[in-house]
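> So the protein lines, in turn, are chains V, E, X, S and L. Last residue of the first sequence? That's 518 in the working numbering, and every number before it is there in order. Last residue of the second sequence? That's 930 in the working numbering, and every number before it is there in order. Last residue of the third sequence? That's 542 in the working numbering, and every number before it is there in order. Last residue of the fourth sequence? That's 99 in the working numbering, and every number before it is there in order. Last residue of the fifth sequence? That's 1242 in the working numbering, and every number before it is there in order. Have a look at the structure that comes next, please.
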Amino acid sequence: MTEALPVLLVFVPFLAGLGQFVLGRAVPWSQQFVSGFNLLLVLLLLRAVAGGEPVIADLGGWGEPLAIHLQADGLATLMLLLTAVLAVAISLYAIPAFGGHARSAWQFWTLWPLLLGSLNALFLSRDLFNIYVTLELVTLAAIPLVLLAGPRKTVDAALRYLLFALLGSLIYLAGVALLYAQAGTLDLALLPAATPTGSLAGPLAAALIITGILIKGAILPFHIWLPAAHGGAPAAVSAILSALVVKAAIYLLLRLWTGALEPLVSIAAGQLLGLLGASAVLFGSWQAFRQSRLKLVVAYSTVAQLGYMLLFFPMAVTAAWQGAVYHGLAHGVAKAALFLAAGNLLYYLGQDRLEALRGIDRPLAVSLLAFGLAGVSIMGLPPSGGFTAKWLLLTASLQTGQWWWTAALVAGGLLAAGYIFRVLRLAFLQSAEPAERRDGPVPGRLMAWTATALALLAIGLGLISAPLLDLLGDIPGGGS
Amino acid sequence: MTLASITASVLIVVGTAFYIAGTVGLLRFPDIHSRLHALTKADNTGLGFLALGVALLSGSPRLAVLIALVWLLALIAASVACHLIARYALDGTDSDSEPRA
Amino acid sequence: MSLAYQAMPLWVLLSSLLAAAVIFALGEGRPRLRIGINLAAALIKLVLVGIMLLGVRAGHEFIVRLPLMPGIDLVLQADALSMLFISLSALLWLATTIYAIAYLEDSPNRARFFGFFSLCVAATMGIATAGNLFTFFIFYEMLTLATWPLVIHRGTQQAMRAGRGYLCYTLGGGAVLLLGIVLLHGLAGPQDFVAGGTLVERGESHPLVLTLIFALLITGMGVKAALAPLHGWLPTAMVAPAPVSALLHAVAVVKAGAFGIVRVVYDVYGIELTQALGMAEVLAIAASVTIIYGSLRAIWQTDLKRRLAYSTVSQVSYIALGVALANPLASIGGLVHLVHQGLMKITLFFCAGCYAETHGIHSIDELDGIGRRMPWTTAMFTLGALGMIGLPPLAGFISKWYLGLGAVAAGQLWVIGVLLASTVLNAIYFLPILHRAWFRPPKQADDSLAEAPVGLLGPTLFAGFAALAVGLFAGSGWSPLAWVELLVQREYSP
Amino acid sequence: MSGIDPFALAAAGLMAFGLYGFCVCRHPLRRLLAINLVGNGVFLALILIARRLPDGPDPVPHAMVLTGIVIAVSATAFGLALIRRQARPEDDGND
Amino acid sequence: MMLLDGVLALLLLLLAGRCVTAASLLQAIVAFIVLGLLLALSWVRLQAPDLALAEAAIGAGLLGVLLLGTWRHLPASGIHHEFPWPWHGMKQAVSALGGLALAVMLALALHETAPEPAAAGETALAQLDAAGVKQPVTAVLLNFRAYDTLLEMGVLLMALIGALIVRRPLQDGSRIAPATLLSPSLARLFLPPILLIGLYLVWAGAYSPGGAFQGGAVLAGAGVMLALTGLLRGASVDGLWLRGLLALGAIVFTTAGVLLVPVTGHFMAYPDGLVTPLMVLIEFSLAISIALSLLLLFTGTPGLARSRP
């Protein structure tokens, strides 16, 4: 019975999306069922995985070296849980947000379940080539969603996103090809044993795979496609992209680094990734601080926050492992809340220049509260999921004696406070003119409270980390 | 070396020669019409010789018929394509096919 | 029942946390309901604190432990030291709430204000009851965040600048503190606050690291406690409304820092280790410098609230000084000053708020003859000011007396000099105000009686008389002094 | 085999040329071409890898190539649609 | 034959270089299309006729048409010449060096990886009898690793949706006017054989080179031909039937994969005895979806209509 869960997690949203496509008009409520059912499936999976044994589905029943397996271990289940929770919230948020525009609503409600299924497929995949397909699936579901904000405004961003994503996945595929040439299998579970070491092809394959993923994950030198795409998309889509889609790439990196690529990676590579991560933290935060548009602030914040997750690689101990993954969860929830809240402000103002935010606290108090609460987690202040993650990473850096990463962690938190409070400060600033000069539509309760609920969850993640970290378990392979 | 294979080889060589001639013409001739002229004439004949040679080599009547069919289709397609290109060139819509700076 | 009783610190915390949540949820509408909830929560908290006070006095230790992360618990405990802080906060919260309701009548964004106000108190409760450094840090940062909207409440450019300064200092301090805590965690594992500290045996093996950690911890807390080079945010934060200033100075922020220093010295490092590492002297010197520096700066301020702010910088360091002298008598002086300074300073700020709200007076030279127009307020101001100077038998005198005794006992006679200098300086910046208020003729012709409204005056009177009472009845069994003596006895007995 | 397989050189060269083109070219259509060059190089490499089985070519890399081609073409077609739109932004439909 | 291989490889490299460095965009596109054809030829040489077919039909053929069509739509001002030679600047030089280094490493890596036979591939060949088809690639695509193929259909569908979101409104139904009477009649003449070939390729996939992708691409090619000659035109409305056909492949695939679980005990597995008919069913539905998706990607419209006579 439990074997069915991973498969259903892929197929149910997929079929829902296809059905929506064939139907030809938007049926938002059906998606609520799908995301609810998806959450239920994940919770059932959670119970099954909690024992410590992963749930595995053999697709086609052809057995190990050949067939594709879906596997839900602690890490995958946590990511699925994040996806499922965000899916419920974002689906609710999207009902009012996409109301009115019949055609784009239909496109959204078609693409969104497909993206959900794709993400589930990516998290569950245990096959190198299948991961390539799911990566493409996620990308090609995500980019049309970006375009829903209006092709005229977003076409440049979407094109750039597409070009980088394509390049990234092909480089990844090149690595997969080289790896298959040596190991003769694509199964992640069999690869470490089957990969011969000591050749040139192995490390080259690993380097190509990692580079490809870094491009997809918008890590520092390859981040240039992200801000425009995430900043330009509709708020619900930005939330999905920042919280889940780029996260999926980093998830892969964590999974492969500790699994399939383990025999091929070196300490130097880990340090290099850590360096990239630390630079991303500093650079992204600084850029976020300098932006003049709200959604770009949040988008650059994503560039920065993804960097924290890379700090796992140089340290590679259990605390770092838990910290990086937990940061993924916390950032996912908080960033979704941040984008939804920003979307509410945008909805009211009709534009997202920071200057326009002056004195907006009165009409949009709830959304602003959500922004602030989510910001607490982004800054890594207690009690919040972001703080728990930061604490674990700090602990890891001192445990491994690599104290230099603490500087990035601490500085990143302070810079994050800089850009979050810059926004709040403007919102609280009383303008000379009366605040009623804007008469935009006040976002409905559904929009305001989904953002707030997610923000509260981001805070709450700081209090319920123990069971989640238990589920995640220690670093696979016991660390190096 | 049977007679058939020798004949086939000769046919293939001749066909290839026509192709080379056609290509040289394409590269050397000054304007589009003469280029077309060189290309279609030489290539259609070249293809004919090649097809004949390959059909002989294969030794199966079924394949030979298929190859003849391919040749026929290619011939029709080439002539129509050539006609269209020449027509566009005559209409002066030529500027469309050259990169516009 | 016993479980619920044991979890008292949690209820105290939740009483204001829930109040904050409800106030946020209510929004701007229904002000009466909001006021009702606010006052009810403050009263409930007071009752809960009273019950706990009885329990702790009887020797009971309340402790709540919630697992937070693998290996790390959220610990809330109520020992004698935390009760000192909790009682002060609970009492003054009630007073400040009443004061703030009157002060902010008809001003915008009241729901936001009172929401964050309650949150602020919740954070203070958390700091007071924190049972380990980790828990302490959580509430310490929560306090930073909850106070910021209060500091910038007016929404002016000036308020925003003050808010920015406040954040830069406190978040930076928080980061330093976090580093210290993580380092300590890595060195010694999770450490609950235990009287006498738990690090003694590690002191020999890692003296250098422990010294570094101590410096980090004290620096982090010193920001909030406004120790000399780190005090910059405090005077600028004066733009906040008067009840906020009162809260910042008397109860929440500054005291949180001072309280943290006390915790680190007593319950993490222990007095012996602190002395062995040589950090006690350093702390004492830093505190003394701050005392003198703050007083000196206060003299040159013309804005009433700025002068009071520099006075706070100076006075709060008495607490650190008392702790750093590492001797029972000085400790009594320092800890009792936690309460005494709180009561006196809140009285002073309430009075400043009354002046500003009733007659729009902000600057000291506008105070001429105010004693005639607002006799009650000015009387309370006088009580507070004289107490600060340390006139016997007022509260400030008690603190200074014990500090002086402690200094003698510890053989640090230079501290007496610091105390004397501070007293003189206090007199220099307070007495002219009193002189203006009582003896100068008012500048305007109108010198009719125009006292502050009841909502403002009531809490002022309450705080003023409380400040008077803790001094006058210091010898009674229920006074803060008696409580602190009990506490110090426990601290030094093992 | 004594020397290096010419197709191995070609595969490596295609990928390298593609990457070079992606870095150097500015026009999105050129970049898209460059990406497809990388793709073609990868596919060629996969086919080379497939030749190692003793009894017939390895079908797994072949299947990967076929899947890869369809994905690459779909994505490229989408990219071309984006380029068209970017080139003529003035008329905005579907909003 | 080594010589032919060498020449082919050299030509591939030259064309790739041309494609990247050509000053004019059109030349780059043409170089790319020719490269695709030569690549198909190389793949025949490398014992991969299926892939050669696919590359010729999809990679070079359809993609070529799409590229040229896009080039036509670029405004004159939008096409600037570029001179991306390595000596034209710092960035170019660095990229060239990086590319060179990568090429050397890749070539060495590809050269050295010969030792181990692939376990997955051997298993696939060994289990071919149980897979229901005789063609190993088809067996992998539709049976052993059918899940990949299913997801790939999702990619195709979403690329189409994305392209439709950015499409510009149709000015007028028949934007490609027939130049002469000759081309439509030619198209009419060619249509039956092309359709036949397409369907045959789908059918043949079970035992010889061919399959849903190649066949679908040929069918799409027929559609493109009709559209180019003005017999078929894009329409701005899509019908339920059209959307149904677009999703048909994925739906049939998924449904078969899920519904047969009680019989087979595995997802995406086929019960004994039904393997071949099921796979043929799936192949044809996939081919229809692929052909329609590719055709709509070409027309850039959500729907299709026959031209007015």
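The beta-carbon is built from N, C-alpha and C at its ideal position, and this holds for glycine as well.
Rounded to whole angstroms, what's the CA-CA distance from L/Leu-1165 to L/Ile-1127? Just pull it up for me.
In the fifth sequence, residue 1165 of chain L corresponds to position 232, counting from 1. In the fifth sequence, residue 1127 of chain L corresponds to position 194, counting from 1. Spanning the two alpha carbons is a distance of roughly 16 Å.
> Following the continuous alpha helix (DSSP H) through V/Gly-57, name the residue where it begins and the one where it ends.
Residue mapping note: residue 57 of chain V aligns to position 19 of the first sequence, counting from 1. Start and end: 42-61.
> List the endpoints of the continuous beta strand (DSSP E) containing L/Ala-1064.
What you label residue 1064 of chain L is simply residue 131 of the fifth sequence in a count that begins at 1. Where L/Ala-1064 is concerned, there is no enclosing beta strand (DSSP E), given that its DSSP letter is neither H nor E.
> Measure how close the beta-carbons of V/Gly-270 and V/Lys-373 come, nearest whole angstrom, since I'm counting them as under 8 Å.
Along the first sequence, one-based indexing puts residue 270 of chain V at 232. Along the first sequence, one-based indexing puts residue 373 of chain V at 335. Not a contact, Cβ separation roughly 16 Å.
> At a Cβ cut of 9 Å, what residues of the segment 420-439 of chain V count as close to chain X, listed as they run along the chain?
Cβ contacts with chain X: Pro-420, Pro-421, Phe-425, Thr-426, Lys-428, Trp-429, Leu-430, Leu-432, Thr-433, Ser-435, Leu-436 and Gln-437.
> In this structure, what does DSSP give as the bridge partners for X/Asp-351?
Taking the third sequence and counting its residues from 1, the one referred to as residue 351 of chain X is at position 303. Bridge partners of X/Asp-351: X/Ser-411.
> Which residues in the same chain have their Cβ closer than 6 Å to the Cβ of X/Tyr-403, if we skip the five residues on either side of it in sequence?
As a first step, residue 403 of chain X must be located in the third sequence, where it is residue number 355. The residues are Ile-409.
> At the level of alpha carbons, what is the spacing between X/Ala-68 and X/Leu-61?
Against the third sequence, residue 68 of chain X aligns to sequence position 20. Against the third sequence, residue 61 of chain X aligns to sequence position 13. Rounded to whole angstroms, X/Ala-68 to X/Leu-61 spans 11 Å at the Cα level.
> Going straight from the alpha carbon of S/Cys-29 to that of S/Leu-23, what length do you get?
The residue you call residue 29 of chain S lines up with position 25 of the fourth sequence. The residue you call residue 23 of chain S lines up with position 19 of the fourth sequence. If you take the alpha carbons of S/Cys-29 and S/Leu-23, they lie about 10 Å apart.
> For the segment 385-399 of chain V against the segment 494-513 of chain V, are there 3 or more C-beta pairs whose distance is under 8 Å?
The segment 385-399 of chain V is not in contact with the segment 494-513 of chain V.
> List, in chain order, every chain E residue whose beta-carbon is nearer than 8 Å to that of L/Leu-1119.
Looking up residue 1119 of chain L in the fifth sequence gives position 186. What L/Leu-1119 touches in chain E: Ile-905, Ala-906 and Val-909.
> By the three-class DSSP mapping on this structure, what secondary structure does X/Met-117 have?
Reading the third sequence from its first residue, position 69 is the one you call residue 117 of chain X. The three-state reading of DSSP puts X/Met-117 in strand, counting E and B together.
> How about S/Ile-39: is its C-beta nearer than 8 Å to some C-beta of chain L?
As a first step, residue 39 of chain S must be located in the fourth sequence, where it is residue number 35. Judged by the 8 Å Cβ criterion, S/Ile-39 is not in contact with chain L.
> Does the segment 215-224 of chain X come close enough to the segment 141-157 of chain X to have 3 or more Cβ pairs within less than 8 Å?
no
> Throw me the rounded Cβ distance for the V/Gly-381 and V/Gln-468 pair, which I believe falls under 8 Å.
The residue given as residue 381 of chain V occupies position 343 in the first sequence. The residue given as residue 468 of chain V occupies position 430 in the first sequence. In fact, because the Cβ distance is near 24 Å, the residues do not count as touching under 8 Å.
> Using the beta-carbon of each residue, which ones in chain L are nearer than 8 Å to E/Leu-886?
As a working note, residue 886 of chain E is residue 57 in the second sequence. None at all; the shortest Cβ gap to chain L is about 16 Å.
> From X/Ile-71, X/Leu-96, X/Ser-336 and X/Leu-396, pick the residue whose C-alpha is nearest to that of X/Ala-469; which is it?
On the third sequence, position 421 is the one that residue 469 of chain X refers to. Closest option to X/Ala-469, Cα to Cα, is X/Ser-336.
> Could you tell me whether the Cβ of L/Asp-1081 comes closer than 8 Å to any Cβ of chain S?
Locating residue 1081 of chain L in the fifth sequence gives position 148, where the first residue counts as 1. Interface with chain S (8 Å Cβ-Cβ cutoff): L/Asp-1081 is included.
> Could you tell me whether the Cβ of E/Leu-913 comes closer than 8 Å to any Cβ of chain L?
Reading the second sequence from its first residue, position 84 is the one you call residue 913 of chain E. By this cut-off, E/Leu-913 is an interface position.
> Would the segment 73-83 of chain V count as touching the segment 133-142 of chain V if we require 3 or more Cβ pairs under 8 Å?
no
> From the DSSP output, in three-state form, read off S/Phe-21 for me.
Walking along the fourth sequence from the start, residue 21 of chain S turns up at place 17. Assigned with DSSP and collapsed to three states, S/Phe-21 falls in helix.
> Here's the rule I'm using: 16 or more other beta-carbon atoms within 10 Å means buried, otherwise exposed. How should E/Gly-888 be labelled?
Position 59 of the second sequence, counted from the start, is the residue given in the question as residue 888 of chain E. Answer is exposed; the Cβ neighbour count stays below 16.
> Looking at chain L, which residues of the segment 98-119 of chain V have a Cβ within less than 7 Å of any of its Cβ atoms?
So the close ones are Gly-98, Gly-99, Trp-100, Pro-103, Leu-104, Ala-105 and Ile-106.
> Could you tell me which chain V residues have their CB closer than 8 Å to the CB of X/Ala-223, listed as they occur along the chain?
Your numbering for residue 223 of chain X matches position 175 in the third sequence. Going along chain V in sequence order, the residues near X/Ala-223 (Cβ under 8 Å) are Val-448, Gly-451 and Leu-452.
> Less than 8 Å between CB atoms is the rule here; does L/Gln-1060 satisfy it with respect to chain S?
Sequence index remark: in the fifth sequence, residue 1060 of chain L carries index 127 (1-based). No, no contact with chain S.
> Considering only C-alpha positions, which residue in the set V/Pro-265, V/Gly-155 and V/Gln-309 is nearest to V/Ala-326?
Within the first sequence, numbered from 1, the residue matching residue 326 of chain V stands at position 288. Checking every option, the nearest Cα to that of V/Ala-326 belongs to V/Pro-265.
> With distances taken from CA atoms, which of X/Lys-272, X/Ala-126 and X/Met-190 is nearest X/Tyr-53?
The count along the third sequence starts at 1 and reaches residue 53 of chain X at position 5. Residue X/Ala-126 is the option with its Cα nearest to X/Tyr-53.
> Counting only the same chain and skipping the five closest in sequence on each side, list residues whose C-beta sits under 6 Å from that of L/Arg-1239.
Here the question's residue 1239 of chain L lines up with position 306 in the fifth sequence. Counting only Cβ-Cβ distances below 6 Å, and skipping sequence neighbours, we find nothing.
> If we define contact as Cβ-Cβ less than 8 Å, is S/Arg-34 a contact residue for chain L?
Here residue 34 of chain S is taken as the residue at index 30 of the fourth sequence, counted from 1. Closer than 8 Å to some Cβ of chain L, the Cβ of S/Arg-34 qualifies, so yes.
> Examine the Cβ distances between the segment 233-243 of chain V and the segment 1029-1043 of chain L and report whether three or more of them are shorter than 8 Å.
The segment 233-243 of chain V is in contact with the segment 1029-1043 of chain L.
> Suppose the cutoff is 8 Å on Cβ atoms and the five residues either side in sequence are ignored; what does the same chain contact list for E/Ile-914 look like?
Counted from its first residue, the second sequence places residue 914 of chain E at position 85. Same-chain partners within the cutoff: Ile-861 and Leu-865.
> Flag L/Thr-1234 as yes if its beta-carbon sits less than 8 Å from any beta-carbon of chain S, otherwise no.
In the fifth sequence, the residue the question calls residue 1234 of chain L occupies position 301. Answer no: the Cβ-Cβ gap between L/Thr-1234 and chain S never drops below 8 Å.
> Report yes if the CB atom of L/Gly-1095 is closer than 8 Å to the CB atom of V/Leu-152, and no otherwise.
In the fifth sequence, residue 1095 of chain L corresponds to position 162, counting from 1. In the first sequence, residue 152 of chain V corresponds to position 114, counting from 1. Taking 8 Å as the Cβ cut-off, L/Gly-1095 and V/Leu-152 do not qualify as a contacting pair.
> Around the C-beta of V/Phe-409, are 16 or more other C-beta atoms found within 10 angstroms, so that it is buried, or is it exposed?
Translated into positions along the first sequence, residue 409 of chain V becomes position 371. Result: buried.
> Using the three-state DSSP reduction, which class does V/Phe-71 fall into: helix, strand or coil?
For this step, residue 71 of chain V is matched to residue 33 along the first sequence. It is helical.
> Within 10 Å of its beta-carbon, does E/Ile-905 have 16 or more other beta-carbons around it, so buried, or fewer, so exposed?
Looking up residue 905 of chain E in the second sequence gives position 76. By the neighbour-count rule (16 or more Cβ atoms within 10 Å), E/Ile-905 is not buried but exposed.
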